[in-house]
Amino acid sequence: MSSKQNHAQWSSRMGFILAAVGSAVGLGNIWKFPYMVGESGGAVFVLVYLLCIALIGFPILVAEWMIGRRGQKNPMDSYSAVAASEGKSTSWGFIGMVGILGAFIILSFYSVIGGWALNYMTKIAGGQFSGLDSDAVEAVFNTMLASPSTLTIWHTVFMLITGIIVALGVTNGIERAAKVLIPLLGVLLLVIVGYNLMNGGFGEAVTYLFSPDLTKLTGEGSSDIVLSALGHAFFTLSLGMGIMIAYGSYLGNDVSLLSMARTVVILDTVIALAAGLAIFPIIFSNGMDPAAGPGLIFVSLPIAFGSMSAGLVLGTLFFLLITFAALTSSISLIEPSIEFLEERTPMSRTMSVIVASIAIWLLGVAALLSFNVWSDVMIMGNNIFDFLDKLTSKFMLPIAGLAATIFVGWVMNQDSVRSELGLSGGSWTLWQIIAKFVAPIGVIIVFINTLLN
Ligand code: PHE
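In this text, residue positions in the sequence shown follow my numbering: the first is 26, and each later residue adds one.
Laid out in structure tokens, this is it:
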């Protein structure tokens, strides 16, 4: 969002909801959520994730919007302005900086995956998966990963589209398209779920997703499950990067933050769970490994499309929609860097887009090389791709999110928070318990646990 000229646009409720949902719904829901469930052993992860969304993600989303709406500026300056008006230190603005960096890093690997989706769209449209068995489909995926040039080409295309959209201005086209395409994505997910109902593995998938084995929360690796779930709650709601603060700054005072947040959180969660029901039945009925990692949707969905009668059309459309969902998120990820360059250097907006895109693209190339020629390059025990992912999801986002709840729960004047949220009596007490204690303490406990393990 370029600051000034967009102010008017988001003041329409619909525009704001679309922008926020567009940012939240993306690869996090369809690509990342299912494979994290698979890597973390199924329903326990889902359970912890849902708790993190409700008790931590929801209040922080409201907190970030509130900071933006009060500050009416970019994330860094919004923090400083609100802190100053409360008589507190303006060094709170530093948290905005963590967000800018986090978004920069996330986009680098996000674009690589966006490139996979584009590549798969062309593969499916070209009939490459028709009639293939699961081994052959996996082989197609592994061939793509092994080729630095293929990965680079599609990563470049995705980054180019992102840069062009942002340079041209985000509002009209994207908003209007999102209104049609996000619901269409939901419908197509349901079509795949329907296909799964008739093709086996469904019961197993439901058990896998919704019947948690709570003993997994006490054993080894349990803190990792909780930390991953928390990190993903931030990632999927686009929290901890200043993005929701920026969106809040375009928001009029007549809008209820709580009901908006409810809409965004419910839509985001429903799409992630639907993605789970679209993917795991295929995994189980084909005897594949749910813990396959980042390739999960790319080895499961082509099998379904390859054997459906309308698979060519549906599959192409589906990967087109994933790409679109990824683009409405990637434009929100690049914006903080651009805004920063625009405001802090003499560069024009277009020049800022070019410079930011190239820098992000370069980091993305380093990330994609970790699937092939740089697979041995390790940073603290992780390859480059995993390192960037973990650094942001497990550390940077939660820290910035923690700061947002502490700010709204403890630094800001509570009477004004109450009247802004329009709460009274029991519901205000509940909000206070969650915003002041549950959310921040939850994040802190998870952190201490990681540090000790
Ligand atoms: N929330 C987006 C998704 O789930 C990813 C994203 C993260 C977008 C952070 C913006 C900021 O795909």
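Ideal placement from N, C-alpha and C gives every residue a C-beta, glycine not left out.
Got a sec? Which residues, its chain only, sit under 7 Å from S502 by beta carbon, not counting five neighbours each side? Outside the modelled stretch of the chain, which goes from 26 to 478, sits residue 502, for which no answer is possible.
Measuring only the C-alpha atoms, how far is N224 from A335? 15 Å
Which whole-angstrom value is the C-beta distance of L170 and N397, which I expect to be below 8 Å? 7 Å
Which residue or residues does DSSP assign as beta-bridge partners of M403? N408
Comparing C-alpha positions only, which one of A425, A44, W386 sits nearest to A202? A44
Applying the criterion that 16 or more other CB atoms from any shown protein chain within 10 Å of the CB defines a buried residue, is D293 buried or exposed? buried
Can you say whether R369 is buried or exposed, counting buried as having 16 or more other CB atoms within 10 angstroms of its CB? exposed
Which residues bound the alpha helix (DSSP H) around A384? 374-394
DSSP state of S136 mapped onto helix, strand, coil: helix
Buried versus exposed call for L234 [16 or more other C-beta atoms within 10 Å across all chains shown]: buried
In whole angstroms, give me the CA-to-CA distance for A464 and P84. 7 Å
Note down, in chain order, each residue of its chain lying with its Cβ closer than 8 Å to the Cβ of L337, except the 5 sequence neighbours on either side. I149, A150, G152, S155, F330
State the DSSP-derived secondary structure class of E367, mapped to helix, strand or coil. helix
Best match in V295, L298, F323 for proximity to I308 [C-alpha to C-alpha]: F323
Taking P59 as part of the alpha helix (DSSP H), name the residues at either end of that continuous run. 58-64
What distance in whole Å lies between the Cβ atoms of W386 and T261, which are believed to be in contact at a cut-off of 8 Å? Not quite, the Cβ-Cβ distance comes to about 24 Å (not below 8 Å), so this is no contact.
According to DSSP, is L264 part of a helix, a strand, or is it coil? coil
Taking the CB atoms as reference points, tell me whether I304 and L321 lie closer together than 8 Å. yes
If you check the beta carbons only, do I207 and V50 fall under 8 Å apart? yes
Compare the C-alpha of F410 against each of L422, L298, L394, A425 and name the closest. L394
Nearest by alpha-carbon distance to G267: which of G340, I291, R287, Q97 is it? Q97
Extent of the continuous alpha helix (DSSP H) to which E89 belongs: 83-96
Does the distance from the C-beta atom of L264 to that of L76 stay below 8 Å? no
What residue range is occupied by the uninterrupted alpha helix (DSSP H) comprising W456? 450-457
If you compare alpha carbons, which of Y104, M122, V123, G121 is closest to S114? Y104
Please confirm whether I291 has its beta-carbon closer than 8 Å to some beta-carbon of chain B. Protein chain content of the structure displayed is limited to a single chain, and chain B is not contained in it.
Would I466 be called buried (16 or more neighbouring beta carbons within 10 Å of its own) or exposed? exposed
Using a 10 Å radius around the Cβ and a threshold of 16 neighbouring Cβ atoms, would you call T243 buried or exposed? exposed
Quick check on the DSSP output: what are the complete beta strand (DSSP E) runs of length 3 or more inside the region 142-217, in order along the chain? none
Is the beta carbon of V436 sitting closer than 8 Å to the one on E111? yes
Find out if the Cβ-Cβ distance for the pair I78, A258 is shorter than 8 Å. yes
If we ignore side chains and look at the alpha-carbon of each, how far apart do V390 and S362 end up? 18 Å
Taking 7 Å as the cut-off, does the CB of L358 come closer than this to any heavy atom belonging to ligand 1? yes
Would you identify the three-state DSSP class for L326, choosing helix, strand or coil? helix
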